[in-house]
Amino acid sequence: MKTISAELAYFLRGRARQNLKLLMLYTLFLLLLILVYAILFRYLMLHLEGREFSFIAGLYWTITVMTTLGFGDITFHTDLGYAFAALVTISGVVFLLIILPFGLVSLFLAPWIEQRLRYRPDFSLPSDTSGHVLIFGVNPTARVLIHNLESLAIPFVVVTEDYQESLRLEEEEDIRVACGSVTDKKLLSKVRVDSARYIFANLSDTQNVNLCLTIRAICKTPIAAIVDDAEHIELIRLAGADKAVPLARIIGRYLGIRSTTQGALAHILDSFGLLKIAEIPVYGTPFSGQTLEQAQIRQQTGLAVIGVLDRGVFTVPSKDTILSPTSLVVLAGTREQLTRMEQLTGEQAEDDLVFILGHGRIGCAAANFLDHKPVPYLLIDQIENPNCDKHVSVIGDATNCQLLRNSGIEQAKGLIVTTNDDSTNVFLTLSSRHTNPHMRIVARANTEENVEQLYAAGADFVVSNASVGANILTNILESKESIFLTEGLSIFRRPLPERLVGKTIEESRIRPLTGCSVVALETEGVAPLPSPSPDMRLEIGMKLVLIGSTHQEEEFYLQFGNKSS
């Protein structure tokens, strides 16, 4: 049975929340009306009948007359006074006794009753449903995954035990939701678990094990599970998961890669047959500070530079573009060419030092990666990590600038900010950038909303937990080699807009209008065409594969109106 607070939560979301604003405006109107009547009452009493009353008395008279209580202790004795009292009474009947109750019923009570009668947490897909994706659990990772699946036009159903969350998803986002125990075989049968394309288990490790065992007793549908603790990977697989994704370890490793100056490793973003789209940091490479023409990346490796990402801002480079130490270059080429690039950028720095602020699972994973490089590092956290006996950390509050200075942050080459609180991460990024302006800062965002703030605070690279997890699962679904993107960079597919059919890529003006670059063309039944030439003619049935920032992706939507595949 739901608590009163859970039921009252209905009035704070969706349409009810908008109606609440109307009620507040109407209440303000009534208060102003009462104040005006109270002022007029004092004026008329003084000038018509020679009696003076206080403002409080005026409010008292107005309320008693508008509510038709009419105690009779204060009355007018002139015709104009009678007319004024009649006006106040009639307006009170109309605004207080008719419109207000009717509004409360029609805007709040009736929709609430209708919602309670209409909605049932029970959900069942048609018996012939197949090829859909089942998402178990709702969190920031699931929300980004939902966005990815909508963009790819892949049908999906969310399964959650949270009744209020299921209401919100259905009412506000029009998402198909099944509410109930995730290990209930009847519920699993209703969502057609046996004919699903893929199952994503995004619960706690213990719940994921239970879910995998339950599903494996029913069918062999492939399962990918997010694993909180890397030590549980084997257990998740024994329970029946086809893929176990140790998210904390993956994020920690990526943060470690981006924080160190010892060489630069290419990170594959997407692949089209033999063609790989990858990013590689400029910091610590021979190309740092050079123009693209001076770097001669294409001449030395055969790779094409298709973009530059600098603190969340993606640009298409020209030969005069300067490769700053804070930027990433986005490259297109083969795996062999990327290996050649890594060999060029693999020079070792002798005085590397990385600070890690936050000794949770992700901070511990970053430390493990740096141990294997090896790169010297210093861990700082307010409390010891009871689950880690490999690393010794400095115990203290990292928001204390003096603690960081005493620990030697001014000599650090890199910084990893990875606490569980985004506000703390923003503060630590800003204060660390102020203390050591030349240090490379890699920050973790726990939610998508704080990515821009971390970049604004001075982070060179930002990694979002939600984006990483969602993109890994999306790539598993599509059987791709790619893993995830640095925040601020997006590779997305869209059907060819009708207005571009018959035009060449150059004539389409996609890059001048949106800032996005076309990196490949896809046609059903035909191998993808990577790096198409500007004079390539666009034909009906083609899909565009584009790269750009999240802002440029939104600009593409505005210019061409293709929000989903």
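93 is the number of the first residue of the sequence shown in this note's numbering; add one for each residue after it. Backbone N, C-alpha and C fix where the C-beta goes; we use that ideal spot for every residue, glycine too.
If we count the other Cβ atoms within 10 Å of its Cβ and call it buried at 16 or more, is residue i buried or exposed?
{"i": "residue 120", "result": "exposed"}
{"i": "residue 688", "result": "Because the chain spans 93 through 657 in this model, residue 688 falls outside it and cannot be assessed."}
{"i": "residue 350", "result": "buried"}
{"i": "residue 622", "result": "buried"}
{"i": "residue 505", "result": "buried"}
{"i": "residue 387", "result": "buried"}
{"i": "residue 295", "result": "buried"}
{"i": "residue 116", "result": "exposed"}
{"i": "residue 629", "result": "exposed"}
{"i": "residue 128", "result": "exposed"}
{"i": "residue 163", "result": "exposed"}
{"i": "residue 550", "result": "buried"}
{"i": "residue 558", "result": "buried"}
{"i": "residue 197", "result": "exposed"}
{"i": "residue 469", "result": "buried"}
Cβ atoms of residue j and residue i: under 8 Å apart, would you say?
{"i": "residue 316", "j": "residue 568", "result": "yes"}
{"i": "residue 648", "j": "residue 615", "result": "no"}
{"i": "residue 141", "j": "residue 168", "result": "yes"}
{"i": "residue 501", "j": "residue 524", "result": "yes"}
{"i": "residue 293", "j": "residue 367", "result": "no"}
{"i": "residue 411", "j": "residue 393", "result": "no"}
{"i": "residue 415", "j": "residue 374", "result": "yes"}
{"i": "residue 457", "j": "residue 448", "result": "no"}
{"i": "residue 451", "j": "residue 485", "result": "yes"}
{"i": "residue 311", "j": "residue 332", "result": "no"}
{"i": "residue 611", "j": "residue 398", "result": "yes"}
{"i": "residue 562", "j": "residue 233", "result": "yes"}
{"i": "residue 422", "j": "residue 401", "result": "yes"}
{"i": "residue 256", "j": "residue 406", "result": "no"}
{"i": "residue 336", "j": "residue 329", "result": "yes"}
Could you name the residues that DSSP lists as bridge partners for residue i?
{"i": "residue 634", "result": "615"}
{"i": "residue 586", "result": "636"}
{"i": "residue 335", "result": "316"}
{"i": "residue 290", "result": "225"}
{"i": "residue 250", "result": "227 and 269"}
{"i": "residue 622", "result": "612"}
{"i": "residue 402", "result": "405 and 419"}
{"i": "residue 469", "result": "446"}
{"i": "residue 134", "result": "Looking at the DSSP assignment, residue 134 forms no beta bridge with any residue, so it has no partner."}
{"i": "residue 533", "result": "507"}
{"i": "residue 553", "result": "534"}
{"i": "residue 485", "result": "471"}
{"i": "residue 383", "result": "414"}
{"i": "residue 396", "result": "424"}
Less than 7 Å between C-beta atoms, sequence neighbours within five positions excluded: which residues of the same chain meet that for residue i?
{"i": "residue 467", "result": "352, 354, 444 and 446"}
{"i": "residue 546", "result": "517, 518, 521, 535, 537 and 554"}
{"i": "residue 503", "result": "445"}
{"i": "residue 560", "result": "339, 342, 343 and 576"}
{"i": "residue 651", "result": "605 and 606"}
Tell me which same chain residues have a C-beta within less than 6 Å of the C-beta of residue i, skipping the five on either side of it?
{"i": "residue 517", "result": "509, 511 and 535"}
{"i": "residue 454", "result": "340, 343, 344 and 510"}
{"i": "residue 379", "result": "387 and 415"}
{"i": "residue 314", "result": "290 and 334"}
{"i": "residue 483", "result": "459 and 471"}
{"i": "residue 181", "result": "157"}
{"i": "residue 239", "result": "none"}
{"i": "residue 439", "result": "A caution first: residue 439 carries a pLDDT of 49, below 50, which makes its placement in the model too unreliable to give a value."}
{"i": "residue 262", "result": "269"}
Counting only the same chain and skipping the five closest in sequence on each side, list residues whose C-beta sits under 8 Å from that of residue i.
{"i": "residue 177", "result": "157, 167 and 168"}
{"i": "residue 496", "result": "447, 472, 490, 523, 524 and 527"}
{"i": "residue 170", "result": "140 and 141"}
{"i": "residue 601", "result": "none"}
{"i": "residue 172", "result": "136 and 140"}
{"i": "residue 307", "result": "280, 285, 291, 313, 315 and 332"}
Quick one: is the Cβ of residue i within less than 7 Å of any heavy atom of the ligand MN?
{"i": "residue 533", "result": "With respect to small molecules bound, the structure shown includes none, and the ligand MN cannot be examined in it."}
Hey, is the segment 263-272 in contact with the segment 295-303, meaning 3+ C-beta pairs nearer than 8 Å? By the Cβ criterion, the segment 263-272 is not in contact with the segment 295-303, since fewer than three pairs of Cβ atoms, one from each stretch, lie closer than 8 Å.
Would the segment 242-249 and the segment 258-270 be scored as touching if the rule is three or more Cβ pairs under 8 Å? Result yes; three or more Cβ-Cβ pairs closer than 8 Å.
I want to know whether the segment 586-593 touches the segment 627-642 - three or more CB-CB distances under 8 Å. Under the Cβ criterion (8 Å, minimum of three pairs), the segment 586-593 counts as touching the segment 627-642.
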